[in-house]
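Asker:
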Amino acid sequence: MTKRLSESAEIIQEKLERILPTVTKPGRYTGGEYNQVVKDWQAVQTRVALAFPDIYDLGLPNLGLAIFYEALNDRPDVLAERVYLPWLDMEAALRSAGVPLYSLETHHAIADFDILGITLPYETLYTNTLNLLDLAGIPLLSKERTAQHPLVIAGGHACYNPEPMADYIDAFAIGDGEEVFHDIVNVQQAWAKSGADRAALLRALAQIPGVYVPALYAPRYCADGTLAGVEPIEASVPRQVLKRVVGQLPPAPTRFIVPSIDVVHNRVSVEIMRGCTRGCRFCHAGMVNRPVRERSVAEVVQTIQTAVKQTGFEEIALLSLSSSDYSRIVELVEQVREKVTGPHLTVSLPSLRIESFSVELMERLRGGRQGSFTLAPEAATDRMRNTINKPIQDQQLLETAAELYGRGWPTLKLYFMIGHPSETLEDVQAIADLCLEVMAVGRKAIGRRASLHVGVSTFVPKPHTPFQWVACDAPEMIEAKIQLLRRALRSPGLKMNWTDPRETLLEAWLSRGDRRLGEVIWRAWQHGAKFDAWQDQFNFEAWQTAFEESGLNPADYTHRDRAEDEVFAWDHISPGVSKAYLLDEYHASLEGRLTGDCREQCYACGILPQFAAMRRQLPKSAWFCPGGDPAKA
Amino acid sequence: MKRIRIHYAKTEGLRYTSNLDMQKVWERALRRAGLPLYYSQGFHPQPRIQQACPLPLGLLSRCEIVDVWLEDDTCTLESTLKALQPALPTGIELLKLEEIDPAAPALQKLAGSADYDITLLDPFPVDELERRTAALLGAEALIRERRGKNYDLRPLVEDLAVVPGEPLRLSARLSVRDGATGRPDELLAALGLDPFGARIVRVRLILAEA
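Those sequence lines, one after another, are chains A and B.
Quick note: our numbering has the first sequence finishing at residue 633, numbered continuously throughout.
Quick note: our numbering has the second sequence finishing at residue 843, numbered continuously throughout.
(1) To the nearest angstrom, report how far apart A:GLY137 and A:SER96 are at their CA atoms.
(2) Which bits of chain B does A:THR311 rub up against, with CB to CB less than 9 Å?
(3) Could you name the residues of chain B that A:ARG18 contacts, counting a contact when the two beta carbons are closer than 8 Å?
(4) Which first and last residues belong to the alpha helix (DSSP H) in which B:ALA823 is found?
(5) Buried or exposed for A:HIS572, going by 16 or more other Cβ atoms inside 10 Å?
(6) Between the C-alpha atoms of A:TYR168 and A:ALA228, what's the straight-line distance to the nearest angstrom?
(7) Which word fits B:VAL796, buried or exposed, when buried means at least 16 other C-beta atoms lie within 10 angstroms of its C-beta?
(8) Only counting the same chain, and skipping five residues up and downstream in sequence, which positions put a Cβ closer than 6 Å to that of A:TYR34?
(9) By the three-class DSSP mapping on this structure, what secondary structure does A:VAL441 have?
(10) Run through chain B and tell me which residues come within less than 7 Å of A:TYR33, C-beta to C-beta.
(11) Beta-carbon of A:GLY27 versus every beta-carbon of chain B: anything under 9 Å?
(12) Taking B:GLY691 as the query, report the chain A residues whose CB atoms sit under 8 Å from its CB, ordered along the chain.
(13) How about A:LYS15 and A:VAL99: are their beta carbons less than 9 Å apart?
(14) Using Cβ-Cβ distances below 7 Å, what residues of the stretch 242–276 of chain A are close to chain C?
(15) Under a three-way DSSP split, which group does A:GLY447 fall into?
(16) For my contact list, A:TRP420 and A:PHE459 are in at a C-beta cut-off of 8 Å; report their separation, rounded to the angstrom.
(17) Please specify which runs of the alpha helix (DSSP H), each continuous and at least 4 residues long, are wholly inside the stretch 56–140 of chain A, giving them in chain order.
(18) Spatial neighbours of A:GLY592 within its chain, please: C-beta separation below 8 Å, excluding the five flanking residues on both sides.
(19) Taking only three categories from DSSP, how would you classify A:ILE316?
(20) From what residue to what residue does the alpha helix (DSSP H) around A:SER356 run?
(21) Contact criterion: CB-CB distance below 9 Å. Does A:VAL30 meet it with respect to chain B?
(22) According to DSSP, what are the bridge partners of B:PRO680?
(23) Which stretch, first to last residue, makes up the beta strand (DSSP E) that contains B:LEU793?
(24) Would you identify the three-state DSSP class for B:ALA831, choosing helix, strand or coil?
(25) Using DSSP bridges, identify the partner residues of A:LEU352.
(26) Locate the alpha helix (DSSP H) running through A:TYR415, then write down its first and last residues.
(27) Check this for me: beta carbons of A:GLU437 and A:ASP394, under 9 Å apart or not?
(28) To the nearest angstrom, report how far apart A:PHE181 and A:ARG220 are at their CA atoms.
(29) Could you give the distance in angstroms between the alpha-carbon of A:THR226 and the alpha-carbon of A:PHE531?
(30) Identify which residue in A:TRP87, A:VAL441, A:LEU116, A:ARG278 has its Cα closest to the Cα of A:LEU65.
(31) Is the CB-CB distance between B:LEU762 and B:LEU775 below 9 Å?
(32) Against A:HIS107, what residues of chain B qualify as contacts under a CB-to-CB distance less than 7 Å, listed in chain order?
(33) For A:ILE482, I'd like the list of residues in its chain whose CB is within less than 6 Å of its CB, leaving aside the five on either flank, ordered along the chain.
(34) Using beta-carbon positions only, say whether B:ARG695 and B:ARG810 come within less than 9 Å of one another.
(35) Which residues in the same chain as A:HIS453 place their Cβ atom closer than 6 Å to its Cβ, once the five residues preceding and following it in sequence are excluded?
(36) Alpha carbon to alpha carbon, how far is A:VAL230 from A:GLU17? Give it in angstroms, no decimals.
Quick look at the structure:
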């Protein structure tokens with residue numbers, strides 16, 4: 001390996017001495033935190049930079065990167081270091097001093113690593129990703145990179161539609177990353193030894209199950225500009241890339257990096273369960289993370305104990321898409337309370353079902369009533385609830401509210417979504433009415449101390465969900481619905497937050513885009529768009545200009561009804577759930593028909609036949625899919 | 634209950650960790666060490682950890698002091714040291730531990746003055762620096778503005794001397810009394826130097842006798 005610039009780290013260090021005192025929160029850019037891993041660059045075969053394309057404060061707590069950081073550094077032949085995006089002042093300082101983006105652990109230039117792994121959990125990180133590559137001095141376009149450049153890979157929820165970022169990423173890892181990351185490293189190592197060219201590396205990567213190499217696929221368009229398909233350009237690659245699944249969740253990370261400055265979540269995070277059986281039709285995570293796998297109570301407790309000892313964190317978060325559905329939730333809460341929580345540790349358990357029992361659970365867990373309590377009804381009329389497949393009863397919500405206000409929580413947070421398919425102003429009025437009823441319940445229980453925070457987001461028809469055929473609600477309608485809620489929800493103690501509809505629009509374009517979006521993203525970034533997820537940095541004009549210059553109509557991506565045989569930009573990526581199942585679910589939504597919890601009964605989403613061989617190797621209880629014969633399911 | 638005074642050096646690893654964040658750094662290190670932190674009573678119990686006097690962000694120090702209260706009387710200095718050592722992040726180097734009467738006055742009230750070793754990163758004519766130093770020490774008052782308020786820096790500068798050599802250094806003694814703290818970067822600015830163009834180390838902390 002002759003490309004190493006051994007002196008680069010020292011030069012960077014020297015320049016930082018001048019830069020750091022002049023920027024806000026310089027502690028973001030130094031590394032050196034407790035539990036960081038520093039290895040000898042000469043003693044390993046492969047150097048991996050793990051990137052979260054937003055600032056340190058948000059990136060450090062990211063659980064996905066924590067998993068890879070620990071797993072890769074556990075390998076004696078690999079080192080993994082971290083990189084986040086600098087805030088505006090630091091970016092300007094780095095650019096003017098000619099300092100390339102560097103890793104926190106050893107301050108090596110990112111361009112000197114063998115692999116750059118970028119996590120893309122959401123779409124509004126795309127311009128930041130271009131900025132990250134640019135600051136690192138790595139060619140933005142995959143096709144312009146040579147064997148001298150790092151291999152640029154990406155994974156995370158947004159990558160289930162990889163097309164918008166296809167020009168910039170060499171290989172996408174689809175699905176659970178725990179095993180496939182090692183496969184990618186192994187293939188890269190074999191390639192590095194072989195001395196072959198970069199094209200050979202890409203071909204080899206495309207042979208790994210779950211890896212999508214966009215350079216080996218090409219989109220084809222119809223005369224009217226709609227997509228005809230994304231197809232392999234070489235016979236050796238699969239027509240459809242099926243996501244990777246880990247049959248059983250591997251041991252959870254415990255050596256979390258402890259930041260020396262304040263970040264958004266200062267805590268130990270333990271994923272108690274992956275996947276969800278509820279089947280809410282708008283929910284991307286619920287569709288792509290099947291099947292449901294749980295960690296045992298003993299494993300979770302052991303993980304927390306070890307992690308608290310190794311980090312000293314004062315807060316623990318038990319993460320899942322739906323905590324109440326964890327099969328041994330009561331036992332878990334009891335055990336955690338008994339074995340872990342001293343009086344000075346806080347444990348959070350998000351995503352609880354709307355029922356009085358949730359209040360009891362939280363009370364048992366914390367032994368106190370700090371903070372607020374969050375519930376997500378999403379809709380307020382039975383018609384809407386049947387459409388989105390999230391049935392709850394008003395009565396149940398009101399009882400739960402009464403319970404928690406009564407037991408001493410002063411603040412309740414409720415999340416709703418507007419713009420659901422076929423939603424009318426009456427459905428939205430019902431949200432306001434329900435909130436006012438909840439507020440009244442709170443007042444009755446504890447008087448003026450009661451407060452209610454209402455969060456309103458706007459529906460995006462996400463890829464790989466039953467609503468992928470649906471158009472976004474018209475911008476005028478969204479505006480009218482927000483205004484209705486703002487007018488109706490004026491009451492002391494009641495606070496409403498809503499997402500800027502233009503931000504939702506951007507999220508929709510990016511999540512539904514095809515490969516042509518790559519140029520739009522580049523142009524928007526050229527026009528100054530970055531930190532798109534930051535309200536105060538959001539630059540809608542840059543995006544509008546970018547679409548115009550690219551000759552694309554953004555509404556074609558988001559405000560057009562789709563035929564049932566429509567070819568989507570993400571059809572060549574499979575989350576294991578079949579398109580036929582999604583279409584069935586879409587029909588059910590149009591008929592207002594509910595689909596039950598698939599822990600009780602199998603609705604044949606397609607996961608079991610896709611992963612039948614894997615399932616046969618596992619104990620029957622490993623997946624929370626009922627039914628004995630997976631092939632039939 | 635036991636009160637233990639920890640003397641430590643703050644080195645590169647924690648150079649950009651603020652005083653407020655140092656509180657958390659200590660809390661977590663003590664928890665990792667398995668030491669029985671003593672918590673305040675009330676609605677929001679906090680571990681009792683008191684730092685002597687704020688070190689401005691970006692400075693290094695060879696003389697930081699923090700007092701920690703432990704629940705357990707059986708902790709000895711030796712056992713505390715042994716537990717603490719592996720639990721510390723890079724950026725804290727332990728110098729000395731001592732047991733203090735829990736009822737002794739707060740460290741903040743004792744802090745009197747501090748010595749700073751200031752290394753200039755850019756070359757500067759030594760005569761000119763000598764001249765400016767003398768002028769500063771001879772001044773009656775040095776009115777400066779910080780966070781929109783005027784204050785007099787002069788009485789906070791107790792001593793100042795140029796240390797000739799390559800690179801050029803300054804040695805300063807500034808007040809760190811509660812509510813009357815002189816900042817080394819302010820001193821540099823008052824001398825007409827770039828406040829960011831120096832490496833500053835706090836080398837000695839002088840406590841008033843209790």
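Cβ coordinates follow ideal geometry from the N, Cα and C atoms, glycine included.
Answerer: Here's the rundown:
(1) 14 Å
(2) ARG661, ARG664, ARG665
(3) LEU754, PHE829, GLY830
(4) 817–823
(5) buried
(6) 22 Å
(7) exposed
(8) VAL258
(9) helix
(10) This sequence places Glu at residue 33 of chain A; Tyr is not what is there. Per Cβ cutoff of 7 Å: PRO722.
(11) yes
(12) LEU20, PRO21, PRO26
(13) yes
(14) Looking for chain C here will not work: the only protein chains present are A and B.
(15) helix
(16) First, the residue type needs correcting, since residue 420 of chain A is His and not Trp in the sequence shown. Between A:PHE459 and A:HIS420 the Cβ distance is about 5 Å, and since that is below 8 Å, they are a contact.
(17) 56–59, 63–73, 88–97, 126–136
(18) ARG383, ASN386, THR387
(19) strand
(20) 356–366
(21) In the sequence as presented, Val is not what sits at residue 30 of chain A; that position holds Thr. With 9 Å as the cut-off, A:THR30 counts as an interface residue toward chain B.
(22) B:TYR672
(23) 790–796
(24) strand
(25) Its beta-bridge partners do not exist; DSSP assigns none.
(26) Looking at the DSSP string, A:TYR415 is not in any alpha helix (DSSP H); the run it does join, the beta strand (DSSP E), is 411–418.
(27) yes
(28) 30 Å
(29) 30 Å
(30) A:LEU116
(31) no
(32) None at all; the shortest Cβ gap to chain B is about 12 Å.
(33) TRP498
(34) no
(35) LYS413, LYS495
(36) 49 Å
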